[in-house]
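A.B. asks: Take a look at the following structure, please.
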């Protein structure tokens, strides 16, 4: 027995290693007995964890970042499976601004998106965001306006809509007196003061204030007209143009003049017509005293000062200030006379010539003809 104790006392310390993950026993005092628990009676064996042959022991090592992240993900998945209401737990974490581990400064402070939509497989960081997203698929709009029949998916959209009824415009421009219902509209308006056009066309040099204007402009390069009329074969770049065109089929003229009985398809036409009642000509020429009802008329008039004739004939060297002059001239090359007299077989290039000819049928030139015969 003494020999066994002596041999155990003389053994090197490295052969008395404790199992991995357990600290070696410490002495409590000088009178403590030697560590005789490492010597087992005959017929007994250690558990597999304690059996270590020489050379098989692996020193403990630190986990690298990838292994730590995998371990944390595994622990988080276990917590989610054990939790009875994981949506509520994740909702509190998402609103609190903490990561999956609950510690802002921990290794898992990055917000994880563990909530998956069964319809489109979109990932969301909280159960609240997932529930709000599912309303898009179901079509449910739980927030109803108390003033009108409109409904909304989000409370924020309802609050924003309510401003239309109250007339309150909380967002004011610091450079002018304009106010807006939405912050986005204010930010878009500020670009008109700075002159910055952040949206550039990749096919030409044009730039735009709004992304929508860029998308609409891009259609002119591709030639795609996505809006088709259901009553004819015409197609349009913009939905607004299609809606305006549809009125020509229905005959509805929604814009009525308040001073006479005339009605118009477009609001622009009504505004232009109203100037004939007021006599106001808002467009003034900067080179002379002439004024015009329409901007187009002013632009056309300005060409008489500059001498520029932008419309060129493709069959000869003639150029014209106005497009209608070019179209009228082109008839002399084709020989087409579109204006026909209803009382005889004569035809004319211009409507004015037809109107002048029609007077001969009404007898207004007969005295001249009698004088010439005498």
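In full-length UniProt numbering, the protein residues as written are 1 to 374. Just so it is clear, CB atoms sit at the ideal spot from N, CA and C, and this is done for glycine as well. All of these numbers come straight from a predicted model, not from anything done at the bench.
#1: Report the start-end ranges of each alpha helix (DSSP H) in the segment 271-311 that is 4 residues or longer and not cut off at the edges.
#2: Give me the residue from 185, 208, 304, 141 with the minimum Cα distance to residue 196.
#3: With DSSP as the reference, identify every bridge partner of residue 123, one or two as the case may be.
#4: Can you tell me the Cα-Cα spacing of residue 245 and residue 126, whole angstroms?
#5: Does the Cβ of residue 130 have 16 or more other Cβ atoms within 10 Å, making it buried, or fewer, making it exposed?
#6: I'd like to confirm something about residue 296: is its beta-carbon nearer than 8 Å to some heavy atom of the ligand ATP, or not?
#7: Beta-carbon within less than 8 Å of residue 143's beta-carbon, same chain only, minus the 5 sequence neighbours each way: which residues are those?
#8: What residue range is occupied by the uninterrupted alpha helix (DSSP H) comprising residue 432?
#9: Residue 202: which of 212, 189, 188, 218 sits nearest, CA to CA?
#10: Tell me which residues share the same chain as residue 190 and place their Cβ nearer than 8 Å to its Cβ, disregarding the 5 neighbours each side in the sequence.
#11: Determine the contact status of residue 227 and residue 210, defining contact as a CB-CB distance below 9 Å.
#12: Put residue 243 into one of helix, strand or coil per three-state DSSP.
#13: Is residue 146 helix, strand or coil by DSSP?
#14: Roughly how many angstroms separate the alpha carbons of residue 354 and residue 345, rounded to a whole number?
#15: Hey, could you find the ends of the alpha helix (DSSP H) residue 164 is sitting in?
#16: May I have the straight-line CA-CA distance separating residue 234 from residue 334, to the nearest angstrom?
#17: Rounded to the nearest angstrom, what separates residue 139 and residue 113 at their Cα positions?
#18: Tell me whether the beta-carbon of residue 237 lies closer than 9 Å to the beta-carbon of residue 248.
C.D. replies: From the atom records:
#1: Runs found: 295-306.
#2: Comparing Cα positions, the closest option is 208.
#3: 116
#4: 47 Å
#5: buried
#6: With respect to the ligand ATP, the structure offers nothing, as it holds no ligand at all.
#7: 151, 152, 153, 154, 155, 157, 158
#8: Because the chain spans 1 through 374 in this model, residue 432 falls outside it and cannot be assessed.
#9: 218
#10: 173, 175
#11: no
#12: helix
#13: coil
#14: Straight-line spacing of the CA atoms in residue 354 and residue 345 works out to 12 Å.
#15: 155-166
#16: 28 Å
#17: Cα to Cα, the separation comes out at about 24 Å.
#18: no
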